[in-house]
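In what follows, a single structure is set out as structure tokens and then discussed.
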Amino acid sequence: MVQAYKTETGNDGPEDLVTDSRSRRPRERWRDDPDIWRRGIVLAVCAVLFALLMVFHAQIPNRIGNLGSLGETFLPWFGVVLVPVLFAAALWRRSATALIAVLAPAVVWVNLFGGLLTDKSTAGGDLTVATHNVNAENPDPEGTAAKVAASGAEVLALQELAQGQVRAYERALAGSYKYHSVQGTVGLWSKYPLTGTKPVDIGMGWTRAMRTTVTTPKGEVAVYVAHMPSVRVKMRAGFTAGQRDDSADALGEAIADERVGKVVLLGDLNGTMNDRALNAVTSQMRSTQGAAGDGFGFSWPAAFPMARIDQIMVKGVEPVSSWTLPRTDSDHLPIAARVRLGP
1 MVQAYKTETG NDGPEDLVTD SRSRRPRERW RDDPDIWRRG IVLAVCAVLF
51 ALLMVFHAQI PNRIGNLGSL GETFLPWFGV VLVPVLFAAA LWRRSATALI
101 AVLAPAVVWV NLFGGLLTDK STAGGDLTVA THNVNAENPD PEGTAAKVAA
151 SGAEVLALQE LAQGQVRAYE RALAGSYKYH SVQGTVGLWS KYPLTGTKPV
201 DIGMGWTRAM RTTVTTPKGE VAVYVAHMPS VRVKMRAGFT AGQRDDSADA
251 LGEAIADERV GKVVLLGDLN GTMNDRALNA VTSQMRSTQG AAGDGFGFSW
301 PAAFPMARID QIMVKGVEPV SSWTLPRTDS DHLPIAARVR LGP
């Protein structure tokens, strides 16, 4: 009697069974696959185009929706997200061509951002500075001020100071900082004397930037505090950053005219160091995170940081370390850096 669901095959023995390709070892399947080089051509082309996109990101035009600046804002994520996706797709397709092509964007990404993955901080330094966009709707200004002051910074900059909360920040920081000045919605607290304090016109119609001279034991330092206009991504208008870009140009001009040789910029620039629109500022200053940080130092949004739009930049001084501070009740993370002012 023939059993149900059983196919009679005569005198088949184990040595006569045909081995299904799915039961072979992966290395054997790849080695014996005649289409391994022909499959995945589309994936390979995508990988190469992606590599070229990263290499020539500065050539992406800003004329249409500021696409260039938008891409540069999140440029580090291109490699972090897309390279693994392309690699996984190449494995799934069993395409040697695609796997080799994926090396191109991987190498480009490492060349662009690999240096940020190492800890470049050193010991020493003369001055610790910190900056924080505290959020105008912060429900706990006193607690936020205390957390940032705990960093030990001798100079502390705050942005987005709501008029009704300024007194709360002043009270909370009075015990740690002897000197301070608030100009519009930005402020600076310092353990060293401040002179020559004044607002900086960045074309906003109200004050969102200031400049002062901090007299430290190592000499005078010009400190700028700035909060650039916000940017938005809109379906019809694209990456709306025109006002931010104009303000960056104005701030760059003010810093270029600065007569004090040692300059520190603290603030929320609503843009990354890769964003060409901030070139008026970034071309003449160094990022402490890029020069002496550990990792990308992303600061926004605080719940899941994806970009470093809060910046500490210097000119005429040497960064020795740079880091992010613990989260507060703001939607930004505070950041800090230590710099060497002289021999």
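Taking UniProt numbering, the leading residue of the sequence shown gets 1, the next gets one more, and so forth. All C-beta atoms in this analysis are idealised placements derived from N, C-alpha and C, irrespective of residue type, glycine included.
| From what residue to what residue does the beta strand (DSSP E) around residue 181 run? | Sequence index remark: in the sequence shown, residue 181 carries index 181 (1-based). Here the beta strand (DSSP E) through residue 181 covers 179–183.
| task | Run through the stretch 34–83 for me and flag every whole alpha helix (DSSP H) of 4 or more residues, listed as ranges in chain order. | result | 41–55 and 67–73
| message | Starting from residue 274, trace the beta strand (DSSP E) in both directions and tell me its first and last residue. | response | Sequence index remark: in the sequence shown, residue 274 carries index 274 (1-based). Element bounds for residue 274: n/a, residue is neither H nor E.
| request: Could you give the DSSP three-state label for residue 121: helix, strand or coil? | output: The residue labelled residue 121 in the question sits at position 121 within the sequence shown. Correct three-state label for residue 121: coil.
| request: Tell me, please, which residues DSSP counts as bridged to residue 198. | output: On the sequence shown, position 198 is the one that residue 198 refers to. Beta-bridge pairing links residue 198 to 211.
| Through-space distance from residue 128 to residue 152, alpha-carbon basis | One-based indexing of the sequence shown puts residue 152 at position 152. One-based indexing of the sequence shown puts residue 128 at position 128. Near 7 Å, if we compare the C-alpha coordinates of residue 128 and residue 152.
| request: Output the distance between the C-alpha atoms of residue 102 and residue 87, rounded to the nearest integer angstrom. | output: As a working mapping, residue 102 is identified with position 102 in the sequence shown. As a working mapping, residue 87 is identified with position 87 in the sequence shown. Their backbone Cα atoms lie some 6 Å apart in a straight line.
| By Cβ distance below 6 Å, which residues in the same chain neighbour residue 237 in space, the five residues on each side in sequence not counted? | Your numbering for residue 237 matches position 237 in the sequence shown. Low confidence applies to residue 237: its pLDDT is 42, below 50, so where it sits in the model is not reliable enough to give any reading.
| query | Quick one: what does DSSP say residue 238 is sitting in, helix, strand or coil? | reply | Mapped onto the sequence shown, residue 238 falls at position 238. Interpretation of residue 238 is limited by its pLDDT of 42, a score under 50 that renders its predicted location unreliable; the figure taken from the coordinates is listed afterwards. In the structure shown, residue 238 sits in a strand (DSSP, three-state: E or B).
| request: Out of 275, 262, 309 and 123, state which residue places its alpha-carbon closest to the alpha-carbon of residue 269. | output: To locate residue 269, count along the sequence shown from 1; it is residue 269. Nearest of 275, 262, 309 and 123 to residue 269, Cα basis: 309.
| query | Based on Cα-Cα distance, which residue from 37, 38 and 113 lies nearest to residue 55? | reply | Position 55 of the sequence shown, counted from the first residue, corresponds to residue 55. Closest option to residue 55, Cα to Cα, is 113.
| Contacts around residue 320, its chain only, beta-carbon distance under 6 Å, and the 5 residues preceding and following it disregarded | On the sequence shown, residue 320 is found 320 positions in, with the first residue counted as 1. Cβ neighbours of residue 320 beyond the five flanking positions: 122, 124, 125, 292, 338 and 340.
| query | Helix or strand or just coil, what does DSSP make of residue 338? | reply | Here the question's residue 338 lines up with position 338 in the sequence shown. For residue 338, the three-state secondary structure derived from DSSP is strand.
| request: With DSSP collapsed to three states, give me the class of residue 311. | output: The residue you call residue 311 lines up with position 311 of the sequence shown. Reduced to three states, the DSSP call for residue 311 is strand.
| Terminal residues of the alpha helix (DSSP H) in which residue 173 lies | Counting from one through the sequence shown, the residue named residue 173 turns up at place 173. 166–173 is the span of the alpha helix (DSSP H), which, as asked, contains residue 173.
| Distance, Cα to Cα, residue 287 vs residue 317? | As a position in the sequence shown, residue 287 is number 287, starting the count at 1. As a position in the sequence shown, residue 317 is number 317, starting the count at 1. C-alpha separation (whole angstroms): 11 Å.
| message | According to DSSP, is residue 143 part of a helix, a strand, or is it coil? | response | Counted from its first residue, the sequence shown places residue 143 at position 143. Reduced to three states, the DSSP call for residue 143 is helix.
| Short check: CB of residue 228 to CB of residue 250, under 8 Å? | Position 228 of the sequence shown, counted from the first residue, corresponds to residue 228. Position 250 of the sequence shown, counted from the first residue, corresponds to residue 250. No, these two residues do not count as a Cβ contact at 8 Å.
| request: Can you give me the start and stop residues for the alpha helix (DSSP H) that residue 289 sits inside? | output: What you label residue 289 is simply residue 289 of the sequence shown in a count that begins at 1. Taken as a continuous stretch (DSSP letters only), the alpha helix (DSSP H) holding residue 289 covers 288–292.
| task | Could you have a look at residue 222 and say whether DSSP puts it in helix, strand or coil? | result | Translated into the one-based positions of the sequence shown, residue 222 becomes position 222. Assigned with DSSP and collapsed to three states, residue 222 falls in strand.
| request: Take residue 132 as the anchor and find which of 342, 299 and 84 has the nearest alpha-carbon. | output: Counting from 1 along the sequence shown, the entry for residue 132 is found at position 132. Distance check between residue 132 and each of 342, 299 and 84 places 299 closest, using alpha-carbon atoms only.
| task | Using a threshold of 8 Å, state whether the C-beta atoms of residue 225 and residue 266 are closer than that. | result | Working through the sequence shown from its first residue, we reach residue 225 at position 225. Working through the sequence shown from its first residue, we reach residue 266 at position 266. Against a cut-off of 8 Å, the Cβ pair of residue 266 and residue 225 comes out as a contact.
| said: Going by DSSP in three states, residue 97 sits in which element: helix, strand or coil? | reply: As a position in the sequence shown, residue 97 is number 97, starting the count at 1. Here residue 97 sits in helix by DSSP.
| Nearest-angstrom Cα distance between residue 104 and residue 34? | Taking the sequence shown and counting its residues from 1, one reaches residue 104 at position 104. Taking the sequence shown and counting its residues from 1, one reaches residue 34 at position 34. The alpha-carbon atoms of residue 104 and residue 34 are separated by roughly 24 Å.
| task | Mind the definition here: the stretch 144–151 touches the stretch 190–204 only if three or more C-beta pairs lie below 8 Å; say whether that holds. | result | no
| query | By a C-beta neighbour count over all protein chains shown, 10 Å radius and 16 as the cutoff for buried, is residue 304 buried or exposed? | reply | By 1-based counting over the sequence shown, the position of residue 304 is 304. With fewer than 16 other Cβ atoms within 10 Å, it is exposed.
| task | Kindly indicate which residue of 201, 296 and 214 has the alpha-carbon position closest to the one of residue 157. | result | Residue numbering aside, residue 157 sits at position 157 when the sequence shown is read from its first letter. Considering only alpha carbons, the answer is 214.
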